[in-house]
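Those protein sequence lines, which keep their order, are chains A and B. When we follow the working numbering, the leftmost residue of the first sequence carries the number 4, and every step to the right adds one. When we follow the working numbering, the leftmost residue of the second sequence carries the number 5, and every step to the right adds one. Note that beta-carbon positions come from the ideal geometry of N, C-alpha and C, so glycine has one too. Since the model is a prediction, treat every value here as computed from it, not as a measurement.
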Amino acid sequence: MLKEFQEDSDSRFKRKVIVTCSILGFAVIFLMGLHIERTIVTQKLANKYQKLQSEQKWLSGYNAPRHLLFFKSLVQPIQRTKIESVRQEKISLLQQNQLTIKSVRNERLKKETKGKRLNYVSNTLQVEGNWENVSACLQQFNQSYLTAVSDITMKNNNKNGLVDVSIKYRIYYI
Amino acid sequence: MEEFGNFLNAKKKKINNYVYNKQKYYFVLKTISLFVFWGIFLEAFAWGYASEQYKYPQESGIVEKYEQAQILNKKINNSLAYVKQAKDENLEPIMFFSEIAAKKAPDMEILSLVMNDKQLSIEGTAADAGAVTAFSASLQTEKYKNGYVENISQKGNRVSFKLIMERNKEASKNKSTEPRQGKGTGKNA
């Protein structure tokens, strides 16, 4: 049959067959490509669909306003530029509590380290006052800002009956 | 050459064969074309079906909401870690003063107190040595442990003492303020 086809002198028929075979060949290749592509795309769509479903399920149990409220309730570290104002507020706090400020020593900012831990700057305050005022001041000391008392020394002053206090504290910043 | 009863001569036979072969070619090609056509049709249908099957409503904004929730969770985790760091590094002197006030004997006098990240030292006077040791034993707090009396001496009718306690660094590590990691369930902020 093939031999007869080769020997056939009707060029129109031969051309017709060749063109049809070529078109069919391309169509088959195209079809195979389409099939492979569909398998890949469908798999991706299925994965995305599953991911979306699990995200929707997760979201149904997630209370966004409550989380936002919780986030706002957390004390945040200050910006580096606000360190001075926090220092001033600490001094105002001492004055509000009628403590006599003997000295204030603010350390220089260290080179910032990158990592999960917060950077901080240390400051030392030396004050004098009665026990009630010192206690009231310390109660309010770490409110509003992310600070920590890292060192504290208290001594009774026998001469005037007051307490000499040295407070070293850290101001955390981003 | 002509034979009776056989109306097809060799030439006509050849022509017949030729036409028949042509028909075979056409048949095969048409069959294959039909399969290919149906294949394309089925594939198109499968594409449509797959995209319809895995279609998710875009207007619901799940992806955006989920991403926002993840960002918020990350911020909360970071803030909790920051708060934990500050809490761990904070000596919380007021809490300790309350502890001392509650546990010391009424006639015991605290003259000086030094708190830092390594240890706590208390100097004072008491009526007797027994009151000092009892005070030392009762002062086992979360942040300070291994309390011991460094020195004790008689001064007149009272004793002066120096009490040392070591900072318990494990306590702050094991506290339950550990920040939440990963995606979480979203239920337990």
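At a CB distance below 8 angstroms, what residues from the segment 24-49 of chain B approach chain A? Give them in sequence order.
N25, K26, K28, Y29, L33, I36, S37, V40, G43, I44 and E47
By the criterion of Cβ-Cβ separation under 7 angstroms, what are the contact partners of T23 (chain A) in chain B?
L33
Using 8 angstroms as the cut-off, can you tell me whether the segment 108-118 of chain A makes contact with the segment 136-151 of chain A, which would need three or more C-beta pairs spanning the two stretches below that distance?
Taking a cut-off of 8 angstroms on C-beta distances, the segment 108-118 of chain A does not touch the segment 136-151 of chain A, as fewer than three cross pairs fall below it.
Below 8 angstroms on the Cβ atoms is my guess for Y93 (chain B) versus R173 (chain A); work out the distance and round it to an integer in Å.
The residue asked about is misnamed: residue 93 (chain B) is Glu in this sequence, not Tyr. With a Cβ gap of about 7 angstroms, E93 (chain B) and R173 (chain A) count as contacting.
Just grab the DSSP bridge partners of L124 (chain B) for me.
B:M119 and B:M169
Report yes or no: is there a C-beta of chain B within less than 8 angstroms of the C-beta of K86 (chain A)?
According to the sequence provided, residue 86 (chain A) is Ile. The question's Lys does not apply to it. Contact with chain B is absent for I86 (chain A), since none of that chain's Cβ atoms lies less than 8 angstroms from the residue's Cβ.
With 16 as the cutoff for other CB atoms within 10 Å, does T181 (chain B) come out buried or exposed?
Here the model assigns T181 (chain B) a pLDDT of 43, short of 50, so the residue's position is not dependable and the matter cannot be decided.
Could one say the Cβ of Q129 (chain A) lies closer than 8 angstroms to chain B's Cβ atoms, at least one of them?
Closer than 8 angstroms: no.
Helix, strand or coil, according to DSSP, for T116 (chain A) in the structure here?
coil
Whole angstroms is fine: what's the gap from K27 (chain A)'s alpha carbon to H38 (chain A)'s?
Going by the sequence as given, residue 27 (chain A) is Leu instead of Lys. Rounded to whole angstroms, L27 (chain A) to H38 (chain A) spans 16 angstroms at the Cα level.
So what's R111 (chain A) in DSSP terms, helix, strand or just coil?
coil
Fully enclosed by the segment 53-134 of chain A, which beta strand (DSSP E) runs are 3 residues long or longer?
103-109 and 122-132
Which residues does DSSP pair with T156 (chain A) in a beta bridge?
A:S169 and B:V118
I need the straight-line Cα distance from K114 (chain A) to I81 (chain A), nearest angstrom please.
17 angstroms
Run the CB neighbour count on N100 (chain A), radius 10 Å, all protein chains shown included, and call it buried at 16 or more, exposed below.
buried
DSSP three-state label for I177 (chain A), please.
coil
Kindly indicate which residue of A:I170, A:S153 and A:E131 has the alpha-carbon position closest to the one of G164 (chain A).
A:E131
Under 8 angstroms Cβ to Cβ from E113 (chain B), same chain only, skipping five residues before and after it: list those, please.
Residues of the same chain with a CB within less than 8 angstroms of the CB of E113 (chain B), apart from the 5 flanking positions on each side, are G128, T129 and A130 in chain order.
How about the segment 137-144 of chain B and the segment 57-76 of chain B: do they share at least three Cβ pairs that are nearer than 8 angstroms?
No: the two stretches stay apart, fewer than three of their Cβ pairs being nearer than 8 angstroms.
Look at the alpha carbon of E40 (chain A) and the alpha carbon of G52 (chain B), and state the distance between them as a whole number of angstroms.
13 angstroms
With 16 other CB atoms within 10 Å as the buried threshold, where does Y86 (chain B) fall?
buried
Might you give, ordered along the chain, the residues of its own chain that have their beta carbon closer than 6 angstroms to the beta carbon of K187 (chain B), omitting 5 neighbours on each side?
Residue placement at K187 (chain B) is flagged as unreliable, the pLDDT there being 42, under the threshold of 50; the coordinate-derived value follows with that caveat. Result list for K187 (chain B): empty, nothing under 6 angstroms.
Specify, as a first and last residue, the run of the alpha helix (DSSP H) that Q72 (chain B) falls within.
Judged by DSSP secondary structure, Q72 (chain B) falls within the alpha helix (DSSP H) whose first and last residues are I66 to E93.
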